[in-house]
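Asker: Residue numbers (mature numbering (1 follows the signal peptide of the UniProt record, and there is no 0)): -21 to -1, 1 to 147.
Ideal placement from N, C-alpha and C gives every residue a C-beta, glycine not left out.
Below you will find the structure I want to go over with you.
Next comes the structure, spelled out in structure tokens:
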């Protein structure tokens, strides 16, 4: 699962890099290294990889962002930009039955203190709440116990959430 998230982030970053490179002199020749992250985007994944994006209540994402717009410029803004990217991506499917992966858009690091620090103690609770919601309203989490689902948690404390969840 983490490999998929890293690949998505690399693809997202590669897309930004490719767009920036296209703005440079179009006549300038550049050397292409085989196997680079840009190849993922050029190798049109549509028709193969399908990601279903859950439509969660706004308390998990949009309301948090409305409460504190610093999240858009914060160093942990990847969760917001990944959500936006997937919403308009050709890999997105509206049919969960054809999905390979399920994205759960929960902004875990967007709840900031007045000093701009994330509040990690709230994040596991929010993720558990989202899992409870999707597992009771859709059958997809329960089919694989969430093995084909992913969250974007751009803070290093995200690796601890599963352990914390199991210890409750």
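Give the range of the alpha helix (DSSP H) segment to which residue 60 is assigned.
Answerer: Along the chain shown, one-based indexing puts residue 60 at 81. Segment 57 to 66, the alpha helix (DSSP H) holding residue 60.
Asker: Measuring straight from C-alpha to C-alpha, what distance separates residue 108 and residue 73?
Answerer: Start at 1 with the first residue of the chain shown, and residue 108 comes out as number 129. Start at 1 with the first residue of the chain shown, and residue 73 comes out as number 94. Straight-line Cα distance between these residues: approximately 23 Å.
Asker: If I'm right that residue 133 touches residue 58 with Cβ under 8 Å, what's the distance once you round it to whole angstroms?
Answerer: For the purposes of this step, residue 133 is taken as the residue at position 154 of the chain shown. For the purposes of this step, residue 58 is taken as the residue at position 79 of the chain shown. Right, their Cβ atoms sit about 6 Å apart.
Asker: The beta strand (DSSP E) spanning residue 86 covers which residue range?
Answerer: Translated into the one-based positions of the chain shown, residue 86 becomes position 107. Where residue 86 is concerned, there is no enclosing beta strand (DSSP E), given that its DSSP letter is neither H nor E.
Asker: Looking only at its own chain, which residues have a Cβ that is under 8 Å from the Cβ of residue 95, when we skip the five neighbours before and after it?
Answerer: Residue mapping note: residue 95 aligns to position 116 of the chain shown, counting from 1. The residues are 49, 53.
Asker: For a quick check, are the C-beta atoms of residue 121 and residue 114 less than 7 Å apart?
Answerer: Reading the chain shown from its first residue, position 142 is the one you call residue 121. Reading the chain shown from its first residue, position 135 is the one you call residue 114. Yes, they are a contact pair.
Asker: So the candidates are 32, 90, 87; which of them puts its Cα closest to the Cα of residue 64?
Answerer: By one-based count along the chain shown, residue 64 stands at place 85. With distances taken between Cα atoms, residue 64 lies closest to 32.
Asker: So what does DSSP say about residue 49, is it helix, strand or coil?
Answerer: Within the chain shown, numbered from 1, the residue matching residue 49 stands at position 70. Residue state, collapsed to three classes: helix.
Asker: Buried or exposed: which applies to residue 92, given that a residue is buried once 16 or more other Cβ atoms fall within 10 Å of its Cβ?
Answerer: By one-based count along the chain shown, residue 92 stands at place 113. It counts as exposed.
Asker: Quick check on residue 91: does DSSP put it in helix, strand or coil?
Answerer: Position 112 of the chain shown, counted from the first residue, corresponds to residue 91. Here residue 91 sits in strand by DSSP.
Asker: Just how far apart, CA to CA, sit residue 71 and residue 38?
Answerer: Within the chain shown, numbered from 1, the residue matching residue 71 stands at position 92. Within the chain shown, numbered from 1, the residue matching residue 38 stands at position 59. Rounded to the nearest angstrom, the two C-alpha atoms are 22 Å apart.
Asker: Express the C-alpha separation of residue 46 and residue 78 in angstroms, rounding to a whole number.
Answerer: Translated into the one-based positions of the chain shown, residue 78 becomes position 99. Translated into the one-based positions of the chain shown, residue 46 becomes position 67. Whole-angstrom Cα-Cα distance: 32 Å.
Asker: Answer with buried or exposed for residue 130, where buried requires no fewer than 16 other C-beta atoms within 10 angstroms of its C-beta.
Answerer: Stepping through the chain shown from its first residue, residue 130 is reached at position 151. With 16 or more other Cβ atoms within 10 Å, it is buried.
Asker: Under 7 Å, do residue 87 and residue 67 count as touching if we go by C-beta distance?
Answerer: Numbered from its first residue, the chain shown carries residue 87 at position 108. Numbered from its first residue, the chain shown carries residue 67 at position 88. Going by C-beta atoms, residue 87 is not nearer than 7 Å to residue 67.
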